[in-house]
Amino acid sequence: MAKSQDSNLSADRKTFPCYYPHDNLSVGTNVASFRMVYDIDQLLHAYTKEWPPANGRLIHLEGTDGCDGYNPSQAVRYEGETYHYVRMEPRHDEFAYWSVPFRRLDGSRWEMEPALPMLHFQDPFVATVDGTLVVGGVSVLGKTNSHVFFETILLQGESPASLATFARSPLNMKDVRLLPLENGRIGIFTRPLGGDGGRGRIGYLEVDGLEQISAKGMQQARLFPTQPVENQWWGANDVHLLADGAIGVIGHIAKISDGGRHYYAVAFVFDPREHEIVDGPRIVADRSRFPPYAPKREDLVDVVFPASLDRERGELLCGVSDSAVGILEIGDPFADYERSR
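Under this note's numbering, the first residue of the sequence shown is numbered 1, with each subsequent residue one higher.
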């Protein structure tokens with residue numbers, strides 16, 4: 001497997017400040033006040049009333065050599081084939097990670113692609129902006145017995161074979177996602193930790209071009225005016241520009257209870273002009289809709305980490321229990337919103 005020229009993505013950061021996720025640190029001077037209103041238990045009540053079918057299936061990843069493969073990226077088209085980056089690591093070492101390109105063979109089988117570079121970060125994501133491929137992921141800078149320090153790395157290039165780092169997030173920020181807007185600008189979703197960011201709250205900003213994306217700018221992103229309740233968190237995973245200029249967001253919402261982590265896929269519509277959620281959120285997938293599979297750890301059994309939505313097929317691609325890749329038919333969660341406009 002070819003390694004990226006940027007495989008040691010954080011080598012230039014020799015030291016990092018002692019930032020702990022729950023320190024009382026400001027997320028930025030442009031943060032709006034917010035209300036904590038979204039509660040997983042209430043969202044689950046509405047979700048389970050519909051009794052969604054357990055119609056998910058797991059993707060067979062060929063060439064993993066016993067490693068866990070999970071939390072895939074959005075699709076990348078390259079030389080007539082469809083690829084996804086997949087987070088891979090040994091079962092008992094989540095810090096020995098790579099994002100590895102897999103070629104899609106059919107609806108249930110993907111094959112590792114040794115001719116393309118793998119990237120040294122977790123939880124890969126993909127966007128295309130003005131014809132430029134952008135690939136990002138989370139790079140761990142260091143850890144202690146109780147804390148992990150990380151940043152999001154952004155790479156750009158003409159193809160998966162020619163990527164180079166061009167931007168980094170603030171310290172301890174995950175779930176950065178971007179998309180081109182109808183006004184020619186770039187929308188960026190952020191998720192700071194600590195201070196007003198709590199355990200993980202979503203923010204948003206816009207820039208005029210990729211060259212304007214910076215850690216300082218992301219630090220200044222305004223938080224959504226409505227957020228999850230205390231001790232719950234969320235983040236954006238996949239973003240879609242809708243017909244009226246609003247943004248359809250597939251994300252996750254999570255909590256810790258009964259000794260385990262519980263992650264659910266959610267969908268909502270965000271209006272960037274009004275800076276508010278105008279539809280949702282609602283849960284669209286949970287772990288019970290996928291077949292059984294051994295989790296990475298016992299506290300990760302009930303985890304679904306959404307990756308990307310194929311609106312045309314109504315299929316949601318997910319990481320499952322931090323050990324597998326799954327796909328689930330959910331329909332298009334933004335179709336009713338668009339029809340109502």
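Built from N, CA and C at the ideal position, the CB exists for glycine as well.
Which of the three DSSP states is assigned to T64 in this structure?
Against the sequence shown, residue 64 aligns to sequence position 64. DSSP places T64 in coil when its eight states are reduced to three.
So if DSSP puts F121 in a beta bridge, which residue, or which two residues, is it bridged to?
Stepping through the sequence shown from its first residue, residue 121 is reached at position 121. According to DSSP, F121 bridges with nothing at all.
Every unbroken beta strand (DSSP E) inside the segment 294 to 339 [3 residues or more]
304 to 310, 315 to 320, 324 to 329
Residue range of the beta strand (DSSP E) that includes G137
Here residue 137 refers to the residue found at position 137 of the sequence shown. Residues 132 to 143.
Alpha carbon to alpha carbon, how far is G200 from R273?
On the sequence shown, residue 200 is found 200 positions in, with the first residue counted as 1. On the sequence shown, residue 273 is found 273 positions in, with the first residue counted as 1. Using only the alpha carbons, I get a separation of about 23 Å.
P114 versus G107 - alpha carbon distance
Within the sequence shown, residue 114 is the residue found at index 114, counting from 1. Within the sequence shown, residue 107 is the residue found at index 107, counting from 1. Distance between the alpha carbons of P114 and G107 is about 20 Å.
D41, enclosing alpha helix (DSSP H) - first and last residue:
On the sequence shown, position 41 is the one that residue 41 refers to. It spans 40 to 49 - the alpha helix (DSSP H) in which D41 sits, taken as one unbroken run.
Give the DSSP bridge partners of I283, in chain order.
Translated into positions along the sequence shown, residue 283 becomes position 283. I283 pairs with V266.
Following the continuous alpha helix (DSSP H) through K216, name the residue where it begins and the one where it ends.
Translated into the one-based positions of the sequence shown, residue 216 becomes position 216. Note, K216: alpha helix (DSSP H), 215 to 219.
According to the Cβ coordinates, are Y83 and R57 closer than 8 Å?
In the sequence shown, the residue the question calls residue 83 occupies position 83. In the sequence shown, the residue the question calls residue 57 occupies position 57. Taking 8 Å as the Cβ cut-off, Y83 and R57 do not qualify as a contacting pair.
Beta-carbon separation of F34 and P180 under 8 Å?
In the sequence shown, residue 34 corresponds to position 34, counting from 1. In the sequence shown, residue 180 corresponds to position 180, counting from 1. Against a cut-off of 8 Å, the Cβ pair of P180 and F34 comes out as no contact.
If we count Cβ pairs, one from each stretch, closer than 8 Å, do we get three or more for the segment 238 to 246 versus the segment 199 to 217?
no
Would you mind stating whether S162 and F150 have Cβ atoms separated by less than 8 Å?
For the purposes of this step, residue 162 is identified with residue 162 of the sequence shown, where counting begins at 1. For the purposes of this step, residue 150 is identified with residue 150 of the sequence shown, where counting begins at 1. No.
For V284 versus P72, is the C-beta spacing smaller than 8 Å?
The sequence position of residue 284 within the sequence shown is 284, counting from 1. The sequence position of residue 72 within the sequence shown is 72, counting from 1. No, the pair does not count as a contact, with Cβ atoms beyond the cut-off.
On the DSSP bridge assignment, give the partners of S159 in chain order.
Position 159 of the sequence shown, counting from 1, holds the residue named residue 159. Paired residue(s): none; S159 is not in a bridge.
Please classify I256 as buried or exposed, where buried requires at least 16 neighbouring CB atoms within 10 angstroms.
Start at 1 with the first residue of the sequence shown, and residue 256 comes out as number 256. Per the 10 Å Cβ criterion, exposed.
Integer-rounded CB distance, given that G331 should sit under 8 Å from G314
Looking up residue 314 in the sequence shown gives position 314. Looking up residue 331 in the sequence shown gives position 331. With 8 Å as the limit, G314 and G331 qualify as a contact, their Cβ atoms being about 4 Å apart.
C-alpha gap between V31 and G80, whole angstroms
Position 31 of the sequence shown, counted from the start, is the residue given in the question as residue 31. Position 80 of the sequence shown, counted from the start, is the residue given in the question as residue 80. Annotation note: pLDDT 44 at V31 (below 50); position unreliable, coordinate value reported separately. Answer to the nearest angstrom: the Cα atoms are 43 Å apart.
Beta-carbon proximity list for D279, same chain, < 7 Å, skipping 5 on both sides
As a position in the sequence shown, residue 279 is number 279, starting the count at 1. So the qualifying residues of the chain are F268, V269, Y337.
So what does DSSP say about D238, is it helix, strand or coil?
As a working mapping, residue 238 is identified with position 238 in the sequence shown. In the structure shown, D238 sits in a strand (DSSP, three-state: E or B).
Give me the residue from I327, R341, A335, P333 with the minimum Cα distance to I59.
The residue given as residue 59 occupies position 59 in the sequence shown. Checked all of I327, R341, A335, P333; the closest Cα to I59 is I327.
So, does the segment 91 to 100 touch the segment 37 to 50, judging by three or more C-beta pairs under 8 Å?
no
Look at the alpha carbon of W98 and the alpha carbon of L119, and state the distance between them as a whole number of angstroms.
Your numbering for residue 98 matches position 98 in the sequence shown. Your numbering for residue 119 matches position 119 in the sequence shown. Spanning the two alpha carbons is a distance of roughly 6 Å.
For R289, count neighbouring C-beta atoms within 10 Å of its own C-beta (all shown protein chains included) and say buried if the count is 16 or more, exposed if not.
For this step, residue 289 is matched to residue 289 along the sequence shown. Counting Cβ neighbours within 10 Å, R289 comes out buried, since at least 16 surround it.
First and last residue of the uninterrupted beta strand (DSSP E) at H84
Reading the sequence shown from its first residue, position 84 is the one you call residue 84. That run of the beta strand (DSSP E) goes 81 to 89.
Note down the Cα distance separating G260 from A215, rounded to an integer number of angstroms.
Residue mapping note: residue 260 aligns to position 260 of the sequence shown, counting from 1. Residue mapping note: residue 215 aligns to position 215 of the sequence shown, counting from 1. If you take the alpha carbons of G260 and A215, they lie about 32 Å apart.
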